[in-house]
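S.K.: Be aware that the sequence shown starts at 135, since it is given in our numbering, and climbs by one per residue.
C-beta: ideal position from N, C-alpha, C; glycine also.
As the structure is a computational prediction, the values presented were derived from the model and not from experiment.
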Amino acid sequence: MNATALIAEDEPLLAQALQAELVRTWPQLRVLATVGDGASAVEQTLALQPEVLFFDIRMPALSGLEAAAEIAHDWPGNTPLPVLVFVTAYDAFAVQAFEAQAVDYLLKPVQSERLARTVQRVQDALAARQQAIGNASAEPDWAGLRALLANAAAQPPTHAPTPLLRHLMASVGNSVQRIAIDDVLAIEAADKYLRVLTTEREFLIRTPLKDLLPQLDPEVFWQIHRGTVVRADAIDRVTRDEAGKWRLSLKGLSESFGVSRLYADRFRAM
């Protein structure tokens, strides 16, 4: 079976070894690029649109999980997502999750026999996709990745669970204003700040969203994008355009928010 692939691995020797094994195991596979960090993995995947991704889980700048999330958001809505395989030295959490949720995973150093089984699974997935062209429900959507990222973000630092936020503090001119969490409709990343939106005004805070997420009640605030969280009971409507992109409107706000493919399954029944 002919196919194209991209390898993301920050250790050059391991990347070369994986590519050499792939040449032996799957001669018809054409590796379009090999990159060494998560940001390059996102850029090259979106530019080249390979059919298969081999992503190291731990890479500089963005992890393989974060890179996959970025790709899922920006991938064209009318094109099937690549088949995803994760590579790891040993990460029990990722291995257990992706054994059930992704096409496959590989442990380093990659063994020929194990790679052959992975190649067969990838080929089966690609063949099934060809047979299901035109059936949107058959498209892989990496829904398990969203759950994995959410679980990773919510891990407690040590012993006690992280307490939920009751208010936020934002600088307003020369003063600091307290914002009740019950008044917050949306939180959106913007450069080095977070925009905190209420019905009355917008505030800016410097706390990274990844630090804020574990302190938000996931039943109250839904993440809809890598940089956006909204109040679930304020959702007014969700629409999908001809390109397959979703946008969400909130009661009390005039602007709308993009919903990434990674989180769109929440709204497919709407």
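In three-state DSSP terms, what is GLU204?
M.R.: Three-state result, GLU204: helix.
S.K.: Run the CB neighbour count on MET405, radius 10 Å, all protein chains shown included, and call it buried at 16 or more, exposed below.
M.R.: Summary: the structure shown does not reach residue 405, with the chain confined to residues 135 through 404, and so no result is reported for it.
S.K.: Beta carbon of TRP380, beta carbon of PHE355: below 8 angstroms?
M.R.: At least 8 angstroms separates the beta-carbon of TRP380 from that of PHE355.
S.K.: Taking SER174 as the reference, give the member of LEU187, LEU163, LEU347 and ARG340 with the closest Cα.
M.R.: Considering only alpha carbons, the answer is LEU187.
S.K.: Under 8 angstroms by Cβ, that's how I've got ASP144 and PRO194 pegged, so tell me the actual separation to the nearest angstrom.
M.R.: 6 angstroms
S.K.: Return the residue from the list PHE220, ALA250 and ALA323 that minimises the CA-CA distance to ASP190.
M.R.: PHE220
S.K.: Can you tell me whether DSSP reads ALA175 as helix, strand or coil?
M.R.: helix
S.K.: Considering Cα atoms alone, identify which of ALA151, VAL169, ARG360 and ALA181 is closest to GLN245.
M.R.: ALA151
S.K.: Alpha carbon to alpha carbon, how far is ARG371 from GLY392? Give it in angstroms, no decimals.
M.R.: 12 angstroms
S.K.: Look up GLY386 in the DSSP assignment and say whether it is helix, strand or coil.
M.R.: coil
S.K.: Go through its chain and collect everything with a Cβ distance to SER383's Cβ below 7 angstroms, but skip five positions before and after it.
M.R.: ASP370, ARG371 and SER390
S.K.: Could you give the distance in angstroms between the alpha-carbon of ARG360 and the alpha-carbon of THR341?
M.R.: 15 angstroms
S.K.: Tell me whether ARG395 is buried or exposed, calling it buried when 16 or more other Cβ atoms sit within 10 Å of its Cβ.
M.R.: Residue environment for ARG395: buried (at least 16 other C-beta atoms within 10 angstroms of its C-beta).
S.K.: Taking ILE315 and LEU299 to be in contact with their CB atoms under 8 angstroms, please state how far apart those CB atoms are, rounded to whole angstroms.
M.R.: 5 angstroms
S.K.: Please work out which residues of its chain come closer than 8 angstroms, Cβ to Cβ, to PRO297, disregarding the five sequence neighbours upstream and downstream, and give them in chain order.
M.R.: GLN349
S.K.: So what does DSSP say about ALA195, is it helix, strand or coil?
M.R.: ALA195: coil per DSSP, three-state reduction.
S.K.: Which same chain residues end up closer than 6 angstroms to ALA272 when comparing Cβ atoms and leaving out the 5 residues on each side of it in sequence?
M.R.: Note on ALA272: pLDDT 46, under 50, position unreliable in the model; the coordinate value appears next. ALA266.
S.K.: Assuming VAL217 contacts GLU185 (C-beta within less than 8 angstroms), just tell me the rounded distance between them.
M.R.: 6 angstroms
S.K.: Counting along the chain, where does the alpha helix (DSSP H) carrying ASP258 start and finish?
M.R.: 246-265
S.K.: Would you please state the rounded distance, in angstroms, between the beta carbons of THR222 and LYS242? I believe it to be under 8 angstroms.
M.R.: 7 angstroms
S.K.: Should ALA201 be labelled buried (16 or more other beta-carbon atoms within 10 Å of its own) or exposed?
M.R.: buried
S.K.: In the DSSP output, what is TRP356 paired with across the bridge?
M.R.: VAL364
S.K.: Could you please give the first and the last residue of the uninterrupted alpha helix (DSSP H) stretch that includes ARG158?
M.R.: 146-159
S.K.: Is the beta carbon of ARG164 less than 8 angstroms from the beta carbon of THR138?
M.R.: Closer than 8 angstroms, so yes.
S.K.: Could you please give the first and the last residue of the uninterrupted alpha helix (DSSP H) stretch that includes LEU346?
M.R.: 343-346
S.K.: Going by the DSSP bridge assignment, what does PHE337 pair with across the sheet?
M.R.: VAL330
S.K.: Does the distance from the CB of ILE406 to the CB of THR333 come in under 8 angstroms?
M.R.: As shown, the chain starts at 135 and ends at 404. That puts residue 406 outside it, with no answer to give.
S.K.: Contact check, LEU240 vs ARG248 under 8 angstroms by CB: the rounded distance?
M.R.: 6 angstroms
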